[in-house]
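1 is the number that numbering that gives the first Met the number 0 gives to position 2 of the sequence shown; each next residue is one higher, with no gaps.
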Amino acid sequence: MRKKYVVTLSEGERDSLGALISKGKGAARRRPHARVLLKADRGLTDEAVAEAVEVSRPTVERVRKRFVEEGLEAALNPGKPERHRERKLDGELEVKLVALTCSAPPEGQARWTLRLLADRMVELEYVESLSYETVRRTLKQTISSPG
């Protein structure tokens with residue numbers, strides 16, 4: 000199988016990676032990623048590189064891909080996950096949740112639970128779905144502790 004992301008380093012890149020490895024300084028992930036790039040540049044298979052550097056094969060694949068697509072620095076530095084989740088509860092819905100929390104609990108219950116609050120918010124059609132963990136985080140941020 001032909002590799003899609005072939006690592007080809009320039010002399011300057013090889014020298015800087017060699018210096019990074021030999022100094023023994025730098026972030027813990029930078030050195031193994033540098034070793035992955037140097038071994039991939041020699042034409043070794045992903046399995047051979049993973050075994051030599053003692054990382055997983057998917058790590059080798061990710062480092063090669065980031066080097067080809069984004070460059071040397073991106074391959075050496077681990078990236079932050081590109082997750083962006085919309086908040087389920089905005090300011091208006093937070094107010095409704097707090098008001099619900101301050102109201103009398105359902106019949107047969109001594110007090111509101113996080114799950115009961117989440118279920119009631121869905122029953123009242125304020126939101127389509129809501130987890131009790133979202134309710135917990137929201138209440139923790141909006142209601143101050145009485146003591």
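We put the CB at the ideal spot given by N, CA and C, even for glycine.
Residue i and residue j: beta carbons closer than 8 Å?
i	j	result
Leu116	Pro105	no
Val171	Val35	Residue 171 lies beyond the stretch modelled for the chain, which goes from 0 to 146, so this question has no answer here.
Val59	Val48	yes
Arg56	Glu69	no
Looking at C-alpha atoms only, which residue of the options is the closest neighbour of residue i?
i	options	result
Leu123	Ala26, Lys95, Val134	Lys95
Ala180	Ser21, Thr44, Gly90	The first residue shown for the chain is 0 and the last is 146, placing residue 180 beyond what the model contains.
Leu37	Leu92, Gly17, Thr44, Glu50	Gly17
Ala39	Lys3, Ala27, Arg110	Lys3
Arg28	Gly42, Glu68, Glu72	Glu72
Ala98	Arg119, Arg82, Arg84	Arg119
Arg136	Glu93, Gly107, Cys101, Glu127	Glu93
Lys64	Gly11, Thr141, Thr7	Thr7
Give every residue of the same chain whose Cβ lies closer than 6 Å to the Cβ of residue i, excluding the five residues on either side of it in the sequence, and list them in chain order.
i	result
Thr133	Lys87
Pro77	Arg28
Sorted by chain position, which residues of the same chain lie with C-beta nearer than 7 Å to residue i's C-beta, five sequence neighbours on each side aside?
i	result
Ser130	Ala117
Trp111	Thr100, Pro104
Tyr125	Leu92, Lys95
Leu75	Arg29, His32, Ala33
Could you give the DSSP three-state label for residue i: helix, strand or coil?
i	result
Leu123	coil
Gln140	helix
Val94	helix
Glu85	coil
Thr7	coil
Ser15	helix
Arg114	helix
Leu129	coil
Gly146	Below a pLDDT of 50, predicted positions are generally treated as unreliable, and Gly146, at 43, falls in that range; the measurement from the model is reported next regardless. If DSSP states are grouped into helix, strand and coil, Gly146 belongs with coil.
Glu106	coil
Ala74	helix
Spatial neighbours of residue i within its chain, please: C-beta separation below 8 Å, excluding the five flanking residues on both sides.
i	result
Glu53	Pro31
Arg13	Leu37, Asp40
Please give the ranges of any alpha helix (DSSP H) in the segment 19 to 64, keeping only runs that are unbroken, at least 4 residues long and fully inside the region.
Listed in chain order, the complete alpha helix (DSSP H) runs (minimum 4 residues) inside the segment 19 to 64 are 29 to 40, 45 to 52.
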